[in-house]
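Heads up, the sequence shown is in our numbering, so the first residue is 105 and it goes up one at a time. Every residue gets a Cβ at the ideal spot worked out from N, C-alpha and C, and that includes glycine. For reference, the structure discussed in these notes is given below.
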Amino acid sequence: MKQPLRYTLAIVAGIVTAMLLVAFIEGIGHSAYPPPPGLDFADQEAMKLHVETLPMGALAYVLGAWLIGTFGGGVVAGVIAGSGSRLFPGTVGAVMLAAVIANLIMIPHPVWFALVGVFGTIVAAFMAGDTSRRFLGKPE
């Protein structure tokens, strides 16, 4: 497979993996902590009030989904690319970071949650880069 095609496939597969992981984990979280009946997800004020009343476990599912999705997608991208470059996990991490920031803008969250979400996503992308390099047997 030619390198540009492989690299493109790596990034697309990493982003798709990340999104699927986030959807799966958040789906489990919604099952464990279902939203109240009739909640209008398009109403920002209703969402703000809902988030303020969420238990810590519900917030942990969301953070876990973001971090695990970033890590998993980054590792997939890095391994498929096969180059040992941190560019591919970093690209997945950048896309996920943009999604996290967009979510935080659209739905107000506690400050601590926003900080952990943003910085945790960055750390997860770096860890994915290191993990994919180790998986490929590339020296540090």
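Just curious, the alpha helix (DSSP H) that residue i is in, first and last residue?
{"i": "D234", "result": "V215 to L240"}
{"i": "F128", "result": "Q107 to A136"}
{"i": "G161", "result": "M160 to A185"}
{"i": "V205", "result": "Note that residue 205 is Ile in the sequence shown here, rather than Val. Unbroken alpha helix (DSSP H) run through I205: L191 to M210."}
{"i": "A150", "result": "Q148 to E156"}
Who are the Cβ neighbours of residue i in its own chain at under 6 angstroms, not counting the five residues just before and after it?
{"i": "R237", "result": "G188"}
{"i": "Y165", "result": "G133"}
Cβ of residue i within 7 angstroms of any heavy atom in the ligand ZN?
{"i": "L201", "result": "This structure lacks the ligand ZN; in fact it carries no ligand of any kind."}
Using only CA atoms, which one of the options lies nearest to residue i?
{"i": "A228", "options": "G177, Q148, R190 and L171", "result": "L171"}
{"i": "P214", "options": "G224, T112, Y111 and K152", "result": "K152"}
{"i": "I115", "options": "G161, L143 and R190", "result": "R190"}
{"i": "T225", "options": "K106, A122, Q107 and L109", "result": "A122"}
{"i": "V126", "options": "N207, L109 and T112", "result": "N207"}
{"i": "L163", "options": "P139, I119 and Q148", "result": "P139"}
{"i": "F217", "options": "V199, A146, V179 and G161", "result": "G161"}
{"i": "V222", "options": "G197, M210, T235 and P243", "result": "G197"}
{"i": "M200", "options": "S135, G178 and P141", "result": "G178"}
{"i": "V120", "options": "K242, I209, G173 and G131", "result": "G173"}
{"i": "E130", "options": "A202, A169, G194 and Y111", "result": "A169"}
{"i": "T195", "options": "P141, Q107 and Y111", "result": "Y111"}
{"i": "P108", "options": "P243, F192 and Q148", "result": "F192"}
Please go through the same chain and pick out, in chain order, the residues whose beta-carbon is closer than 7 angstroms to the beta-carbon of residue i, but skip the five residues on each side of it.
{"i": "F175", "result": "A228, M231 and A232"}
{"i": "L240", "result": "V183, G186 and G188"}
{"i": "V220", "result": "L167"}
{"i": "V250", "result": "The structure shown has nothing for residue 250, since the chain only spans 105 to 244."}
{"i": "L113", "result": "I184"}
{"i": "A117", "result": "V180, A181 and I184"}
Between which residues of its own chain and residue i is the CB-CB distance below 8 angstroms, once the five residues before and five after are set aside?
{"i": "P159", "result": "Y137"}
{"i": "I205", "result": "V222"}
{"i": "A150", "result": "L143 and D144"}
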